[in-house]
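Enquirer: Residue numbers (this note's numbering): 2 to 129.
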Amino acid sequence: SGRGTLRFGQASTAAGAAGAASYAAPYGLFSPAQMVALAAQRHMHLYGTESKHFGEVAVACRHHANLNPDATMYRYPMTIEDHQNSRMITTPLRLYDCCLETDGGAAVVVTKSDRARDLRQPPVYIAS
Numbered sequence: 002s003g004r005g006t007l008r009f010g011q012a013s014t015a016a017g018a019a020g021a022a023s024y025a026a027p028y029g030l031f032s033p034a035q036m037v038a039l040a041a042q043r044h045m046h047l048y049g050t051e052s053k054h055f056g057e058v059a060v061a062c063r064h065h066a067n068l069n070p071d072a073t074m075y076r077y078p079m080t081i082e083d084h085q086n087s088r089m090i091t092t093p094l095r096l097y098d099c100c101l102e103t104d105g106g107a108a109v110v111v112t113k114s115d116r117a118r119d120l121r122q123p124p125v126y127i128a129s
C-alpha cells in the first residue's frame, strides 16, 4: 500500500531494538506472523487444531471478501486445497493464514456540539 515501511518477507534488526520487540528479536521474531505462529502452535497443541482448520477460517474469510466488489481479493475464490498447497510462511502458518495488509488506521472527528447534532451518527460528548 505504500503506507507502511516494513512488509512481510522483510526483517529489520533495527525494529527489534526498541520496546517490547526487544524481547522477541533475540529469538528471531521479527514479523507479526512469526509472533502469531507461537500462539497458533500452542492452540494446535492444546486443542488438536490442524492446518486444515486454519484453512477453513481463511476460506470463509475469502468467501466473504468475494461478496464485496471493493475487496482486494474480489473475484479470487479460494479452496481448502489452495490453502493447504500454499507455501509455509512460518510454521504452522501458511501463506493464506497471513493477512495481505498489516497497516492500520483510525480517525477521530472533533467538532462543536451544535455541529455534531447535525451529523447522521449520534455524537459522543467529551467532558471537559
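C-beta atoms are modelled at their ideal positions from N, C-alpha and C, and glycine is treated no differently.
Between threonine 50 and the rest of its own chain, which residues show a CB-CB distance below 6 Å, the 5 nearest in sequence each way excluded?
Expert: Excluding positions up to five away in sequence, the list reads His44.
Enquirer: Measure the CB-CB distance between aspartate 119 and tyrosine 97 and report whether it falls below 9 Å.
Expert: Not in contact: aspartate 119 and tyrosine 97 (Cβ atoms no closer than 9 Å).
Enquirer: Taking the alpha carbon of serine 114 as the point to measure from, which residue in Ile127, Glu102, Ala107 and Ala108 has its own alpha carbon closest?
Expert: When each option's Cα is compared against that of serine 114, the closest is Ile127.
Enquirer: Would you identify the three-state DSSP class for leucine 39, choosing helix, strand or coil?
Expert: Residue state, collapsed to three classes: helix.
Enquirer: Which residues in the same chain have their Cβ closer than 6 Å to the Cβ of alanine 34, if we skip the five residues on either side of it in sequence?
Expert: Once the five neighbours on either side are set aside, the close Cβ partners of alanine 34 are Ile90, Thr91, Leu94 and Cys99.
Enquirer: Is methionine 89 helix, strand or coil when you go by DSSP?
Expert: Residue state, collapsed to three classes: strand.
Enquirer: If you run the structure through DSSP and keep just helix, strand and coil, what is arginine 118?
Expert: Three-state result, arginine 118: coil.
Enquirer: Shortest alpha-carbon distance to glycine 56 belongs to which of Ala66, Gly29 and Asn86?
Expert: Of the listed residues, the one whose Cα sits closest to glycine 56 is Asn86.
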